[in-house]
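To convert, count from 1 in the sequence shown and add 1194; that's the numbering used here.
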Amino acid sequence: MSQEPELDGFERSNPRHRVTFGFGAFVVGFLVAISVFALGALLLALLGGPLTWTQLVSASLLALVVGLYAGGVGLVIGAPIAFVLGLLLRPVANQWLHVLAFFLAMTTASFLILISLSSGDPLGTLELAALIGLAAAIGRLSVWKMMDIR
């Protein structure tokens, strides 16, 4: 005699399918997103001029600081947005739509936050927001195989 697992409220309201993620997938996605953002900052710093040993060392230290700062801000702002977005996307089985939604939602949220905090160039702000969105999308893509689709 097999026992059926108990259905939660979401499963009862949407019996077709659901995408679930565990704490491990959330942590891996977060760490990948922060790493991608720090590497993006490193690449942007290195593209600025001739590559010397001094520039490489200073850009690497800058990327480390950016990664640590992004990790802190990401825990306070990015992780809650990603968690809620993951819950909202549970009924969507297509993983590419999850990746796209992470890019769009994180780009939009970071653009709105950054533009409200600065009086700088909106296009430059959009570029930074797009880097944040790209990092979040790559983080979501990195945990594709860790998702449980029922």
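Note that CB positions come from ideal geometry on N, CA and C, so glycine has one too.
Any idea which residues DSSP pairs I1343 with across the strands?
-> I1343 has V1213 as its beta-bridge partners, per DSSP.
Counted within 10 angstroms of its Cβ, other Cβ atoms place L1255 as buried (16 or more) or exposed | So L1255 ends up on the exposed side.
Assign P1316 to one of two classes, buried (16 or more other C-beta atoms within 10 Å of its C-beta) or exposed (fewer than that).
-> It counts as exposed.
7 Å Cβ shell around L1320 - same chain, five flanking residues per side excluded = Short of 7 Å from the beta carbon of L1320, and not among the five residues preceding or following it, lie these beta carbons of its own chain, in chain order: F1305.
Please state whether DSSP places S1196 in a helix, a strand or coil.
-> Low per-residue confidence applies at S1196: pLDDT is 46, beneath 50, and the placement is therefore not dependable, though the value from the model is reported in the following sentence. The answer is coil: DSSP assigns S1196 none of H, G, I, E or B.
DSSP three-state call for G1314: helix, strand or coil?
-> Of the three classes helix, strand and coil, the one that applies to G1314 here is coil, per DSSP.
Would you please state the rounded distance, in angstroms, between the beta carbons of V1222 and M1300? I believe it to be under 8 Å.
-> Approximately 17 Å separates the beta-carbon atoms of V1222 and M1300; this is outside 8 Å, ruling out the contact.
Would you identify the three-state DSSP class for L1237, choosing helix, strand or coil?
-> If DSSP states are grouped into helix, strand and coil, L1237 belongs with the helices.
Segment contact flag, the region 1223 to 1240 with the region 1322 to 1341, C-beta cutoff 8 Å, min 3 pairs | Contact between the region 1223 to 1240 and the region 1322 to 1341 is present, with at least three C-beta pairs closer than 8 Å.
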